[in-house]
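K.L.:
Sharing a structure below in structure tokens format, with a few things to ask.
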Amino acid sequence: MLILPSLPTAPRATRSMRRVAQRLVAPLAARLAALRLPCAIVLPDGSRLGADPARVTLTLRDLWLLAPLLRGRIGVLAQAHVEGRLDLDGTPRDLCDVAAALLGADDPVTDATPPGALVKGWSGLLRASRSLARHSPQRDRAQVEFHYDVSNDFYALWLDERRVYSCAYWPEGVNSLAAAQEAKLELICRKLMLAPGDRLLDVGAGWGALLVWAAERHGAQAHGITLSREQHAHVQQLIDARGLRGRVSVALCDYRELPETEPYDKIASVGMFEHVGHAQLPIYFGKLWRLLAPGGLLLNHGITAAGVHNPQLGAGIGDFVERYIFPGGELVHAAQVLAAMAEAGLETLDMENLRPHYARTLWAWSDALEQRLDAARALTSERVLRAYRLYLAGSAMGFERGWMALHQMLATRPTGRVEGTRLRGAQSVYPFQRDHVLPCSPLTESASNMLYKFKSKAAGDVIMTAPVGDAILRRIGREPAPQGIFEAADLPATIAALEAAIATDETARDAAESQARQAGHAPGPREGVTLRQRAWPLIEMMRRAQAAGQEIVWGV
1 MLILPSLPTA PRATRSMRRV AQRLVAPLAA RLAALRLPCA IVLPDGSRLG ADPARVTLTL
61 RDLWLLAPLL RGRIGVLAQA HVEGRLDLDG TPRDLCDVAA ALLGADDPVT DATPPGALVK
121 GWSGLLRASR SLARHSPQRD RAQVEFHYDV SNDFYALWLD ERRVYSCAYW PEGVNSLAAA
181 QEAKLELICR KLMLAPGDRL LDVGAGWGAL LVWAAERHGA QAHGITLSRE QHAHVQQLID
241 ARGLRGRVSV ALCDYRELPE TEPYDKIASV GMFEHVGHAQ LPIYFGKLWR LLAPGGLLLN
301 HGITAAGVHN PQLGAGIGDF VERYIFPGGE LVHAAQVLAA MAEAGLETLD MENLRPHYAR
361 TLWAWSDALE QRLDAARALT SERVLRAYRL YLAGSAMGFE RGWMALHQML ATRPTGRVEG
421 TRLRGAQSVY PFQRDHVLPC SPLTESASNM LYKFKSKAAG DVIMTAPVGD AILRRIGREP
481 APQGIFEAAD LPATIAALEA AIATDETARD AAESQARQAG HAPGPREGVT LRQRAWPLIE
541 MMRRAQAAGQ EIVWGV
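Take 1 as the starting number for the sequence shown in the numbering used here and just add one per residue.
Written out as structure tokens, the structure reads:
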């Protein structure tokens, strides 16, 4: 239940306030009676409106809150709660249902868009100038630290063990937050077609989950950047703890400060561009274009606005988020993001909306925080805790109701070469089909798509689809079976057999490329998912198990 202790109350109401309040009580009582959930309001003098008993109770310590209550200004009410002028009693889901009902016919998307064309004339100029002013490197650093440096331990209370602080991916059969976040990490790597040795840049690396996943599961050379000192310190410790020094690195710097001397094969930007600012998007994507190797891939993953012209949500919601959660955050419609990418020279290859996936993720975070409130109070202030409880539940409601969206946009920096790819004119490593992504999660289970799960006490789990597992086992002389074991003593020979199979596969691909050259085709980026890419996680597992003298078992 969302029952919070009382904070210092507002000054005693004046006579004028009481007269205004008396005019608002009757329509507010009628509004409460029309709600689907039994709801009550307790006024500062102890009098009560609405249901008794009630599933949701709002205790006002300031009569001025009657007006925003009646008008459905739920962002204003959220601010009052954080400041101690409003106490809330009810589950987060019930409170969100009441908040949505209080909005009535008002839409936070259209409410935030003033009449006329926002992007024209003085309104557009004002928005652009304000966005530019709010996103200097110094202000961005301060704004990121405000949000992410609350406490590593605070975030650890309600995030998964990898501390992935972005939308998870929930394919059918995946029910835990940890599994859904791993599915998202794998989805990103598959969309980027990460191959061993690829240079990956993670812009806004968070607590390092994608960096580690890309290096350990796909053999990438991963480099990340962050503006958060807390996150930077955590990732440095994580690199050492997992023995990834030399394969993974992280820098405390702004994206504008990254050197452009050596381009990256793949770039991921996850939950980052919301902090960039509308006016800075051309600068941002222009920088990423220069950092990306010709033919390479960029995946931009982030929250987008539902309305084309609203820079934030209405009903006071955007103001609440700006003040207490994400100062400097700006939501942009997906169409405007695509336009900015195109103007920077990036070609969009694919786009996916994961909006309901983020709603489920946020509810998982909210539920986890609600279960650990005492621990949270030991790590941060009551004010911060109140803000985050409202933010997580309220954001889940917003994604459920379509007030925001979450898009993954895959793009490339075209090579400019028409020849040299399987499909003439591809101009990148992208194969222009989705076989490398589907099935879209290594954790999906269904009768028609069985999975191999390889387990080792020394190296965790590796999961792959049955066709891939069958093919790998046959390549090393093992017959596919519902279950099996690689004995520790057999691992050196098994690793050698798998590496020999990879070498044979790559020789065949080189021969095909040579034939293409002889036919007059210019060499271009290689396409498709190779055996090396598919087998690399298993080879890494085998090497760790061999070093520890441990066996590997598998089951389907």
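Note that the Cβ used here is the ideal one computed from N, Cα and C, for glycine as well.
Treat the numbers as computed from the prediction; the structure is a model and nothing was measured.
State buried or exposed for D435, treating a residue as buried only when at least 16 other CB atoms are found within 10 Å of its CB.
P.N.:
In the sequence shown, the residue the question calls residue 435 occupies position 435. Counting Cβ neighbours within 10 Å, D435 comes out exposed, since fewer than 16 surround it.
K.L.:
How would you label K184, buried or exposed, when you count the other beta carbons within 10 angstroms and need 16 or more for buried?
P.N.:
Walking along the sequence shown from the start, residue 184 turns up at place 184. Looking at its Cβ environment, which holds 16 or more other Cβ atoms inside 10 Å, K184 is buried.
K.L.:
Three or more C-beta pairs closer than 8 Å, one from the segment 171-190 and one from the segment 247-265: is that the case here?
P.N.:
no
K.L.:
Can you check which of these residues, L491, L227 and R163, is closest to R544 by C-alpha distance?
P.N.:
Locating residue 544 in the sequence shown gives position 544, where the first residue counts as 1. Measuring from the Cα of R544, the nearest candidate turns out to be L491.
K.L.:
Are the CB atoms of I557 and L331 nearer to each other than 8 Å?
P.N.:
Look at the range of the chain in this structure, 1 to 556, and you will see that residue 557 is not part of it.
K.L.:
May I ask you to report which of helix, strand or coil DSSP gives C39?
P.N.:
Reading the sequence shown from its first residue, position 39 is the one you call residue 39. DSSP places C39 in strand when its eight states are reduced to three.
K.L.:
Determine which residues share a DSSP beta bridge with E343 and list them.
P.N.:
Taking the sequence shown and counting its residues from 1, one reaches residue 343 at position 343. Assignment of beta-bridge partners to E343 by DSSP yields no partner.
K.L.:
Between the alpha carbons of D254 and R36, how many angstroms are there, rounded?
P.N.:
Taking the sequence shown and counting its residues from 1, one reaches residue 254 at position 254. Taking the sequence shown and counting its residues from 1, one reaches residue 36 at position 36. Their Cα atoms are separated by approximately 48 Å.
K.L.:
Bridge partners of Q231, per DSSP?
P.N.:
Translated into the one-based positions of the sequence shown, residue 231 becomes position 231. Answer is none; Q231 lacks a bridge partner.
K.L.:
Which full runs of the beta strand (DSSP E) of 3+ residues lie inside the segment 331-414, going along the chain?
P.N.:
347-353 and 404-412
K.L.:
For the alpha helix (DSSP H) containing N152, name the first residue and the last one.
P.N.:
The sequence position of residue 152 within the sequence shown is 152, counting from 1. N152 to W158 is the extent of the alpha helix (DSSP H) around N152.
K.L.:
At which residues does the alpha helix (DSSP H) containing K266 begin and terminate?
P.N.:
On the sequence shown, position 266 is the one that residue 266 refers to. Taken as a continuous stretch (DSSP letters only), K266 belongs to no alpha helix (DSSP H), being part of the beta strand (DSSP E) at Y264 to V270.
K.L.:
Restricting to runs no shorter than 4 residues, where is the alpha helix (DSSP H) found entirely within the segment 28-92?
P.N.:
66-71 and 74-82
K.L.:
Measuring CB atoms only, is the segment 241-254 touching the segment 266-281, in the sense that at least three cross pairs come out at less than 8 Å?
P.N.:
no
K.L.:
Where R413 and G345 are concerned, what is the direct C-alpha to C-alpha distance, given to the nearest angstrom?
P.N.:
Taking the sequence shown and counting its residues from 1, one reaches residue 413 at position 413. Taking the sequence shown and counting its residues from 1, one reaches residue 345 at position 345. A direct Cα-Cα distance of roughly 7 Å separates R413 from G345.
K.L.:
How many angstroms separate the CA atom of Q546 from the CA atom of G460?
P.N.:
Position 546 of the sequence shown, counting from 1, holds the residue named residue 546. Position 460 of the sequence shown, counting from 1, holds the residue named residue 460. Going by the C-alpha atoms only, they are around 13 Å apart.
K.L.:
So, under 8 Å CB-CB, L77 and L65 are touching, yes? Tell me the CB distance rounded to an integer number of Å.
P.N.:
What you label residue 77 is simply residue 77 of the sequence shown in a count that begins at 1. What you label residue 65 is simply residue 65 of the sequence shown in a count that begins at 1. Confirmed, about 7 Å.
K.L.:
Within 10 angstroms of the Cβ of I485, are there 16 or more other Cβ atoms? Answer buried if so, exposed if not.
P.N.:
The residue given as residue 485 occupies position 485 in the sequence shown. With fewer than 16 other Cβ atoms within 10 Å, it is exposed.
K.L.:
From which residue to which residue does the beta strand (DSSP E) around F285 run?
P.N.:
Counting from one through the sequence shown, the residue named residue 285 turns up at place 285. Run containing F285: none in the beta strand (DSSP E); it sits in the alpha helix (DSSP H), L281 to L291.
K.L.:
Beta-carbon separation of A393 and A306 under 8 Å?
P.N.:
To locate residue 393, count along the sequence shown from 1; it is residue 393. To locate residue 306, count along the sequence shown from 1; it is residue 306. Against a cut-off of 8 Å, the Cβ pair of A306 and A393 comes out as no contact.
K.L.:
Cβ atoms of P27 and L58: under 8 Å apart, would you say?
P.N.:
Start at 1 with the first residue of the sequence shown, and residue 58 comes out as number 58. Start at 1 with the first residue of the sequence shown, and residue 27 comes out as number 27. For L58 and P27, no; Cβs fall outside 8 Å.
K.L.:
From which residue to which residue does the beta strand (DSSP E) around Q221 run?
P.N.:
As a position in the sequence shown, residue 221 is number 221, starting the count at 1. Where Q221 is concerned, the enclosing beta strand (DSSP E) stretches over Q221 to T226.
K.L.:
Quick one: grab the DSSP three-state call for D202.
P.N.:
Translated into positions along the sequence shown, residue 202 becomes position 202. Strand, per DSSP.
K.L.:
How should P11 be labelled, buried or exposed, when 16 other C-beta atoms within 10 angstroms of its C-beta is the threshold for buried?
P.N.:
Here residue 11 corresponds to residue number 11 of the sequence shown, with the count starting at 1. With a pLDDT of 49 at P11, under the threshold of 50, the predicted position of this residue should be treated as unreliable, though the coordinate-derived value follows. Looking at its Cβ environment, which holds fewer than 16 other Cβ atoms inside 10 Å, P11 is exposed.
K.L.:
Along the beta strand (DSSP E) that carries K453, what are the first and last residues, could you check?
P.N.:
As a working mapping, residue 453 is identified with position 453 in the sequence shown. Taken as a continuous stretch (DSSP letters only), the beta strand (DSSP E) holding K453 covers L451 to S456.
K.L.:
If you draw a straight line from the alpha carbon of A215 to that of G224, how long is it in whole angstroms?
P.N.:
Counting from 1 along the sequence shown, the entry for residue 215 is found at position 215. Counting from 1 along the sequence shown, the entry for residue 224 is found at position 224. Each residue's Cα considered, the two are about 12 Å apart.
K.L.:
Please return the same chain residues whose Cβ sits closer than 7 Å to the Cβ of R401, not counting the five positions on each side in sequence.
P.N.:
Locating residue 401 in the sequence shown gives position 401, counting from the first residue. Hits under 7 Å: A100.
K.L.:
Considering only C-alpha positions, which residue in the set A512, G277, Q237 and V203 is nearest to W289?
P.N.:
Taking the sequence shown and counting its residues from 1, one reaches residue 289 at position 289. Measuring from the Cα of W289, the nearest candidate turns out to be V203.
K.L.:
Take R323 as the anchor and find which of V25, Q371 and G75 has the nearest alpha-carbon.
P.N.:
Within the sequence shown, the letter at position 323 stands for residue 323. R323 has its Cα closest to that of G75, out of V25, Q371 and G75.
K.L.:
Quickly, what does DSSP pair H301 with across the bridge? List them, please.
P.N.:
Your numbering for residue 301 matches position 301 in the sequence shown. Bridge partners of H301: V270 and Q408.
K.L.:
Is the separation between the beta-carbon of P480 and that of R474 shorter than 8 Å?
P.N.:
What you label residue 480 is simply residue 480 of the sequence shown in a count that begins at 1. What you label residue 474 is simply residue 474 of the sequence shown in a count that begins at 1. Yes, the pair counts as a contact, with Cβ atoms nearer than the cut-off.
K.L.:
By how many angstroms is the C-alpha of A179 removed from the C-alpha of L362?
P.N.:
Counting from 1 along the sequence shown, the entry for residue 362 is found at position 362. Counting from 1 along the sequence shown, the entry for residue 179 is found at position 179. Using only the alpha carbons, I get a separation of about 15 Å.
K.L.:
How big is the Cα-Cα spacing for I539 and K453?
P.N.:
Here residue 539 refers to the residue found at position 539 of the sequence shown. Here residue 453 refers to the residue found at position 453 of the sequence shown. Straight-line Cα distance between these residues: approximately 14 Å.
K.L.:
Can you find the residues in the same chain that come closer than 6 Å, C-beta to C-beta, to P38, ignoring five residues on each side of it along the sequence?
P.N.:
Residue numbering aside, residue 38 sits at position 38 when the sequence shown is read from its first letter. Counting only Cβ-Cβ distances below 6 Å, and skipping sequence neighbours, we find A51, A54 and R55.
K.L.:
Quick one: give me the first and last residue of the beta strand (DSSP E) that M193 is part of.
P.N.:
One-based indexing of the sequence shown puts residue 193 at position 193. Here M193 belongs to no beta strand (DSSP E), and DSSP marks it neither H nor E.
K.L.:
Taking the alpha-carbon positions, what's the G329 to Q237 distance?
P.N.:
Counted from its first residue, the sequence shown places residue 329 at position 329. Counted from its first residue, the sequence shown places residue 237 at position 237. Cα to Cα, G329 sits roughly 29 Å from Q237.
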